[in-house]
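Notes follow once the structure below has been shown.
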Amino acid sequence: MREVIAGLPGSKIREVANAGLGRPDVLAFWFGESDEVTPEPVRAAAAASIAAGETFYAHNLGLPELREAIAGYTATLHPAVGVDRIAVTSSGVNALMLAMQALAGPGDEVVAVVPVWPNLTAQPQILGAAVKRMALRPQAGAWKLDLDELLAAVTQRTRVLLVNAPNNPTGWTLTRAEQQAMLEHCRRTGTWIVADEVYERLYYVSGAACAPSFLDLAAPEDRVVAVHSFSKSFLMTGWRLGWMVAPPDLVDAMAKLIEFNTSCAPVFVQRAGLAALAGAGHSVPALVQRLKTCRDTLLPALAALPGVEVAVPDGGMYAFFRVAGQGDSLAFAKHLVGDAGLGLAPGAAFGPEAEGWLRWCFASREPQRLVEGVRRLAGALRL
Ligand SMILES: Cc1ncc(COP(=O)(O)O)c(C=O)c1O
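Residues 345 to 727 in this note's numbering are what the sequence shown lists, from first letter to last.
Now the structure itself:
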């Protein structure tokens with residue numbers, strides 16, 4: 345086995361979750377998914393596809409009608425993109441891995457804005473690239489980017505700038521001006537931007553249908569890959585369906601690369617994706633409204649606890665907070681499961697920059713669960 349594979353760290357979130365497995369009394373907020381089931385019309389579309397016998401291999405880049413639908417959906421949010429810029433993938437994480445396989449190899453440098461969902465930084469390492477971590481920093485609970493520091497770190501040696509906003513776990517979002525500066529800088533250095541925008545629709549700034557996206561700025565030939573997913577905005581985590589928007593040449597290459605990875609996304613899953621996009625005009629704003637209620641239930645209650653430092657996130661579905669005196673997030677998260685029946689993700693899972701912090705996924709169909717969770721946290725802290 346390659347050394348880098350043998351040395352891959354196990355998931356610290358799983359380590360906490362395993363401590364609570366088989367305990368029905370545990371309120372679990374550790375994973376990055378809602379407890380809501382995929383809407384019925386989406387499930388029905390997949391069932392109908394299977395019933396119709398759509399069980400065969402399909403196009404590497406996705407069904408033409410799904411690529412068309414993704415282009416149509418994108419045009420409701422961003423400047424229109426041609427179908428030749430869209431590749432359907434078997435999940436967002438698959439799109440990220442494909443992008444990395446295409447762009448970064450042994451000895452290449454990848455600059456990543458962290459803390460971040462650990463898969464993003466593990467992928468280039470698996471491929472032999474070196475990852476330079478550029479840390480967001482907390483100020484009164486809100487995580488901030490030092491743009492000058494980041495731009496100074498991205499040089500002609502940098503193959504890829506990896507940026508996830510809205511960010512998992514911190515909730516940090518990018519401004520349009522920051523995106524513009526990054527794009528202009530990367531045009532000069534010849535660096536690719538891989539923008540993980542899977543949370544773009546989970547954005548709570550009033551009047552905005554989505555978070556600022558690199559797709560609003562990038563020309564078709566710009567070295568930008570925007571990664572999207574059906575998982576979060578359409579409650580489809582288990583379906584494993586996503587897509588990327590990239591320059592046409594890279595999408596051509598993707599057809600070959602997808603062949604060697606998954607060959608294609610299953611047709612019945614793509615039919616479900618089509619149904620999800622058909623209902624997006626209604627379903628996504630309704631979901632965002634529910635998530636906003638969750639956020640606005642959890643955050644003030646958390647912030648009111650003495651010793652808790654947290655800021656209200658503009659995007660994503662996580663509260664990211666720390667408790668004074670609790671420096672070891674893995675030990676603290678395990679203690680919360682064991683003693684209080686409260687399941688949270690330890691900040692250390694997202695990198696050393698986030699040690700001492702905890703991530704709480706607030707996507708729940710039942711906001712009262714969040715209130716009960718805060719009660720348990722307060723109890724564990726003897727408040
Ligand atoms: C930042 C980020 N990117 C990508 C993904 C991948 O989502 P999926 O592979 O389910 O599409 C996740 C999932 O948690 C995520 O948090």
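Just so you know, even glycine gets a beta-carbon here, dropped at the ideal spot from N, CA and C.
Just so you know, these numbers come straight off a predicted model, no measurement behind them.
Considering only C-alpha positions, which residue in the set the options is nearest to residue i?
i	options	result
residue 721	660, 580, 688	688
residue 350	414, 364, 394, 469	469
residue 485	705, 674, 667	667
residue 541	559, 564, 585	559
residue 511	670, 566, 488, 719	488
residue 528	555, 498, 612, 353	498
residue 676	378, 693, 508	693
residue 516	567, 460, 635	460
residue 729	538, 450, 403, 420	With the chain represented from 345 up to 727, any question about residue 729 goes unanswered, as that position is not in the structure.
residue 707	725, 663, 669	663
residue 587	435, 359, 532	435
residue 374	727, 632, 714	714
residue 640	705, 674, 520, 624	705
residue 452	467, 466, 475	475
residue 346	521, 426, 450, 547	450
residue 409	396, 392, 427, 395	427
residue 728	462, 392, 391	The structure shown does not extend to residue 728, since the chain is modelled only from 345 through 727, so no value can be given for it.
residue 547	626, 633, 712, 683	633
residue 383	626, 396, 591, 500	626
residue 712	638, 551, 394	638
residue 728	392, 723, 665	No statement about residue 728 is possible, as the shown extent of the chain runs from 345 to 727 and does not include it.
residue 379	635, 591, 551	635
Determine whether the beta carbon atoms of residue i and residue j lie at a separation below 7 angstroms.
i	j	result
residue 504	residue 431	no
residue 398	residue 613	no
residue 556	residue 523	yes
residue 581	residue 377	yes
residue 456	residue 407	no
residue 589	residue 411	no
residue 536	residue 567	yes
residue 628	residue 545	yes
residue 654	residue 646	yes
residue 440	residue 595	no
residue 405	residue 553	no
residue 690	residue 674	yes
Quick one: Cα of residue i to Cα of residue j, how far?
i	j	result
residue 348	residue 464	15 angstroms
residue 443	residue 471	11 angstroms
residue 678	residue 477	27 angstroms
residue 702	residue 672	10 angstroms
residue 616	residue 549	29 angstroms
residue 602	residue 579	24 angstroms
residue 482	residue 695	14 angstroms
residue 381	residue 576	12 angstroms
residue 620	residue 597	27 angstroms
residue 648	residue 419	41 angstroms
residue 569	residue 534	14 angstroms
residue 669	residue 363	23 angstroms
residue 573	residue 355	22 angstroms
residue 491	residue 414	32 angstroms
residue 370	residue 718	13 angstroms
residue 623	residue 685	37 angstroms
residue 519	residue 526	11 angstroms
residue 564	residue 661	30 angstroms
residue 445	residue 509	21 angstroms
residue 561	residue 700	36 angstroms
residue 531	residue 422	21 angstroms
residue 605	residue 366	34 angstroms
residue 502	residue 496	11 angstroms
residue 539	residue 593	18 angstroms
residue 360	residue 396	42 angstroms
residue 494	residue 500	14 angstroms
Below 8 angstroms on the Cβ atoms is my guess for residue i versus residue j; work out the distance and round it to an integer in Å.
i	j	result
residue 401	residue 608	6 angstroms
residue 454	residue 473	5 angstroms
residue 386	residue 697	With 8 angstroms as the limit, residue 386 and residue 697 do not qualify as a contact, their Cβ atoms being about 37 angstroms apart.
residue 725	residue 651	7 angstroms
residue 618	residue 389	7 angstroms
residue 466	residue 352	7 angstroms
Strictly by DSSP, which residues pair up with residue i?
i	result
residue 488	481
residue 476	455
residue 433	586
residue 536	504
residue 662	705
residue 572	587
residue 653	666
residue 687	372
residue 547	659
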